[in-house]
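Novice: Residues 2 to 937 (our numbering) are what the sequence shown spells out, left to right.
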Amino acid sequence: MMREFNYRVLRLIKFSIICLLILVPSTSADEGRLVSIACCGESNYTDSRNISWISDYDQFPNTTSCYTRAQSEADYSGYNRSRVFYQNSGQKRCYKLSTEKDEDYLIRATFLFGHIWGSSFSVSVGVTPIAIVDSSEDLSVVEGIFRATEDDTYLCLVYDKGAPYISELELRLLQDLKYYLENFPSSVLKLVTRNSFEITKDDIRYPNDTSDRIWKSNSGADPGSGTYHISQPNVSISGNATASPPLQVLQTALAAPDSLRFLHNGLPTESYLYLVFLYFYEVDRAVQTGQRVFDIFLNDEMKEGRFDVSGNGSNYKELAFTVMTNGSLNLTLVKVSGSENGPICNAYEILQVHPWRSETTKSDVEVILEVKNELLKNNQESEVWEGWAGDPCLPVPWDGITCESIDGYSIITELDLSSGIQRGFDHKSFLKGPVPSSITKLSHLKVLNLSHNDFTGNIPAFLPSSLLTSVDLSFNDLWGSLPLSLISLPHLDILNIRCNPHVAKDIPSSFNGSKLTTGQESCNAQEASKQRIIIGAAAASGSVLLTIVVGIIFCTWRQNFLPQGNFDIKRHHHMTKNLIFSLPSMDDLVMKSISIETFTLEYIEAATQRYKTMIGEGGFGSVYRGTLIDGQEVAVKVRSSTSTQGTREFENELNLLSAIRHENLVPLLGYCCENDQEILVYPFMSNGSLQDRLYGEAAKRKILDWPTRLSITLGAARGLTHLHNFAGRCIIHRDVKSSNILLDDSMTAKVADFGFSKYAPQEGDSCASLEVRGTAGYLDPEYYMTHHLSAKSDVFSFGVVLLEIVSGREPLNIHRPRPEWSLVEWAKSYVRESKIDEIVDPNIKGAYHAEAMWRVVEVALSCIEPFAASRPNMIEVVRELEDALIIENNASEYMRSIESSGSNRFSSMVMERRIPPPTPSEPSSILSQMAPPEPR
């Protein structure tokens, strides 16, 4: 009986397998090579080209954001639906696509019905933005070609204005097609145009093109007059050539008696590198070698001379060129003298090169995905996960995550999963279940906030190598004892476990002394629960009273805490979410994420054309002009083997500029440390240095008017102020001088050269510096004599810079008469007698307002006081320079107000000021100490 039963079961299984093989269609060769997603598709389907489309409901099951338009408004594929991503949480939405590492892919996204949404958003492949979609265009198609760096690639839509939307997403494996990604492996090649010259005007794509590239028959570019088509239905390629385009593209060529010209305007105004691919097939079989020869130009630069389509025994050829341009691209083919036939072209492609951006370090990505998966087990309904896709830091971070940049990669330094981070305050917004144990593996995490949730269970053990400085576990229902691994963390400053009634209070005596909050007052389990329910109910019902209260709190907080001026509220919107619980600190207002690229030596040599153009030289080494692959002009500083500044200065500048940014500090773009070479890369400053403009080489010297000089010094002062007040730890530049104040194309001042910079001594540190750093003419005499370093040393040097912009003179020049060697001593002698006209640069005499000039001279003199204690700080200097610039810019109105008051109080006060000669107890000017003896 049992044997008979088993036999019947086996027969049934066998029959079922046969049925399945009959009913399930066989997988086509193209399935897997062609991935097509119909966004908001109601079901999977196959289109007229036999391409299978799948719905995106597995990634975005929400159907309320799906919209259907009339069939007449559908795109070329007949699809007429769009998914719209309203912002419930997060700053981006990403589609996850399965790719194979090191394979080349084409990715194409279609955006329909833009006029409905009124949106603007960026499109990124991985973390590399390649396009902006503007809803002013009803149909937008964004296409790129890339080499996969991982087994999964994300297409992300990043919020800007309104809600992002998308209709179709296609991924195509390129297989054997060569787009020179070997030369640009870390790039996304964005399609600008792909043109053929089919007479039928129909686009050519799959199945004719097995990779489903779309060859447009109408280029939109004017090829010039006298053009005509040549056709050959039977394409036969001679020689060993293999055609990249499909044969249907090669059947027709556009020709001209003398020249073909394709002009593409409307390209981005920023400089980009473009790849141009040209495809030629001699469709006229009567044409022999040497009978159709022409030159090829890109933007009037010859790229190929005397090109012969039929040369070297082949009637098919393809060429690839690179060109750097902005705004327009002009492709011209010109017949050479002696050629019997004019130029032809069968097709061409133009692609814009977008360098692949470095992603978040892989270890952090893997761990944060573990955290997400642990949380999802008990919190499937939370809307925050919809925004937790793609890279956790770039191009914008996930909700609740703050990132920083280190060695060119982003790292996760803060994780805020408090209930306020999620939209709304209903009970669903409270995370429940155990605290994810994988959180403890985030090796760069400094701040962890899990407060105001429903977390239960024990607190996980932390690694002793953790960098955590602040942990907030308050308002949960955690159990057990505080793990010793947590309270003994070496960097922990703040630990808040308040309102966890089941956490033991027996804190070990060995606790490291951090600020610990353990109180249970007014927050037992029932009261905490009641508080949450009240908050949730109020938010859900839209209580008028709560709205008014929150509005008052927000307005008061915004007025008192937000800095005045242009502050990007939208970028920092998440700050307002925690208002019900507590006001955020100002530290939270800044997302710490500075990207520093790591360049290879080969890349640097290519960017500088093997150090072709030297633009400067200093103690560190030579500075060369270069151009990055994205078109940005850069200054490349290469340490000389004989440099007096070594690895310490290189690392000093690299570490400092990896942590600090300000509009008046030169940013570090990247570095190279390879083959004993130490190289720093900065943006190119087109207007040179302040020193160049005042008294540098004649070729660089240009007269600066007085308002411009004031504006430059004010910018530099603001940059130094930022250094001196950075993150609670003063940074001293130690080499402030006019040659280290650079000027960009808008004449904005940028303080540069941080190789000597160091943190100011703190309490308990030794104030004495083992070595005095700086430049003769700018050195603080007190620092020189005592070796005691302070921010006031920078103030002294800046005072010398102020005298430079007033006088147009260098700080130390032994070629002048002996009394004029030192700018400081020479200027003081005239100011003692109120004769500032004698020290003013002749180039600006009669072109400044006396009040503004006196204000600057007064500030300069206070900065160069012999004793540091008598000098102002940089905040005070900025304030005075701002006043001087206002006076200068509003001179007439200011003077009228002074005259109407019948007083010239300020001028009188300044005119009466005298500088007494130095007493023996004062440090004398370092300039006089360093000057050589007067020649006889």
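From the three backbone atoms N, C-alpha and C, an ideal C-beta is built for every residue, glycine too.
Am I right that L261 and C346 are in contact with their C-beta atoms under 8 Å? What's the rounded C-beta distance?
Specialist: 6 Å
Novice: For Q678, name the three-state secondary structure that DSSP assigns.
Specialist: strand
Novice: Please name the residue or residues paired with R499 in a DSSP beta bridge.
Specialist: None, per the DSSP bridge assignment.
Novice: Between which two residues does the alpha helix (DSSP H) carrying L248 extend?
Specialist: 248-251
Novice: How many Å lie between G306 and S338 at the Cα?
Specialist: 12 Å
Novice: According to DSSP, which residues form a beta bridge with G481?
Specialist: V504
Novice: Got a sec, what are the start and stop residues for the alpha helix (DSSP H) R710 sits in?
Specialist: 707-725
Novice: Measuring CA to CA, which of W855, N327, K318, I498 is closest to N300?
Specialist: For the residues W855, N327, K318, I498, the minimum Cα distance to N300 belongs to N327.
Novice: Given a cut-off of 8 Å on the beta-carbon distance, is the pair I351 and V277 in contact?
Specialist: yes
Novice: Can you grab the Cα-Cα spacing for the pair H575 / W389, in whole Å?
Specialist: Because the pLDDT of H575 is 29, which lies under 50, any placement of that residue in the model is unreliable, and the question is left without a value.
Novice: Would D838 be called buried (16 or more neighbouring beta carbons within 10 Å of its own) or exposed?
Specialist: Answer is exposed; the Cβ neighbour count stays below 16.
Novice: Can you give the beta carbon distance from H445 to I412, rounded, assuming they're within the 8 Å contact cut?
Specialist: 4 Å
Novice: Going by alpha carbons, who is nearest to A348 out of I108, H230, L449, G775?
Specialist: H230
Novice: With a threshold of 16 other CB atoms inside 10 Å of the CB of C768, please say whether the residue is buried or exposed.
Specialist: Caution applies to C768, whose pLDDT of 47 falls short of 50 and renders its modelled position unreliable; the model cannot decide the point.
Novice: For the alpha helix (DSSP H) that M748 lies in, which residues bound it at each end?
Specialist: Taken as a continuous stretch (DSSP letters only), M748 belongs to no alpha helix (DSSP H), as it is neither H nor E.
Novice: Mind checking whether D842 and S798 have CB atoms under 8 Å apart?
Specialist: Against a cut-off of 8 Å, the Cβ pair of S798 and D842 comes out as no contact.
Novice: Check whether the segment 719-729 touches the segment 746-760, counting contact only when three or more Cβ pairs, one atom from each stretch, lie closer than 8 Å.
Specialist: yes
Novice: How is the beta strand (DSSP E) around Y180 delimited, first residue to last?
Specialist: It is not in any beta strand (DSSP E) - Y180 carries neither H nor E in the DSSP assignment.
Novice: Would I146 pass as a contact of Y180 if the rule is Cβ separation under 8 Å?
Specialist: Taking C-beta atoms as the reference points, I146 and Y180 count as a pair closer than 8 Å.
Novice: Could you check where the alpha helix (DSSP H) with P782 kicks off and where it finishes?
Specialist: 782-787
Novice: Answer yes or no: do E834 and L824 have a C-beta to C-beta separation smaller than 8 Å?
Specialist: Taking 8 Å as the cut-off, the Cβ atoms of E834 and L824 do not count as close.
Novice: Which residue's Cα is closest to the Cα of T787: V366, G800, V773?
Specialist: V773
Novice: Can you confirm whether the segment 183-194 touches the segment 159-171 when touching is taken to mean that 3 or more C-beta pairs between the two stretches lie within less than 8 Å?
Specialist: For the pair of segments examined, the segment 159-171 was found not to touch the segment 183-194: the number of CB pairs separated by less than 8 Å stays below three.
Novice: Considering only the beta carbon of each residue, do F868 and G756 sit closer than 8 Å?
Specialist: no
Novice: DSSP three-state label for L35, please.
Specialist: strand
Novice: For T194, I'd like the list of residues in its chain whose CB is within less than 6 Å of its CB, leaving aside the five on either flank, ordered along the chain.
Specialist: Hits under 6 Å: I351.
Novice: Please report the distance separating the alpha-carbon of E881 from that of R817.
Specialist: 32 Å
Novice: DSSP state of P843, grouped into three classes?
Specialist: In this structure, P843 counts as helix in the three-state DSSP scheme.
Novice: Just to confirm, are L170 and C41 a CB contact at a threshold of 8 Å?
Specialist: no
Novice: Out of curiosity, what's the CA-to-CA distance linking E151 and D105?
Specialist: 12 Å
Novice: Quick check on H948: buried or exposed, where buried means 16 or more other Cβ atoms within 10 Å of its Cβ?
Specialist: With the chain running from 2 to 937 in the structure shown, residue 948 is simply not present.
Novice: Could you tell me the alpha carbon to alpha carbon distance between K531 and N501, rounded to whole angstroms?
Specialist: Here the model assigns K531 a pLDDT of 40, short of 50, so the residue's position is not dependable, and the following value carries that caveat. Between K531 and N501, the C-alpha separation is close to 15 Å.
Novice: Locate the alpha helix (DSSP H) running through G693, then write down its first and last residues.
Specialist: According to the sequence displayed, residue 693 carries Asp and not Gly. Run containing D693: 691-696, per the alpha helix (DSSP H) assignment.
Novice: Less than 8 Å between the CB atoms is what I'm expecting for S197 and S226, so what's the real figure, rounded?
Specialist: With a Cβ gap of about 21 Å, S197 and S226 do not count as contacting.
Novice: Tell me the rounded alpha-carbon separation between T361 and P393.
Specialist: 7 Å
Novice: Beta-carbon within less than 6 Å of D259's beta-carbon, same chain only, minus the 5 sequence neighbours each way: which residues are those?
Specialist: Hits under 6 Å: K336, G343.
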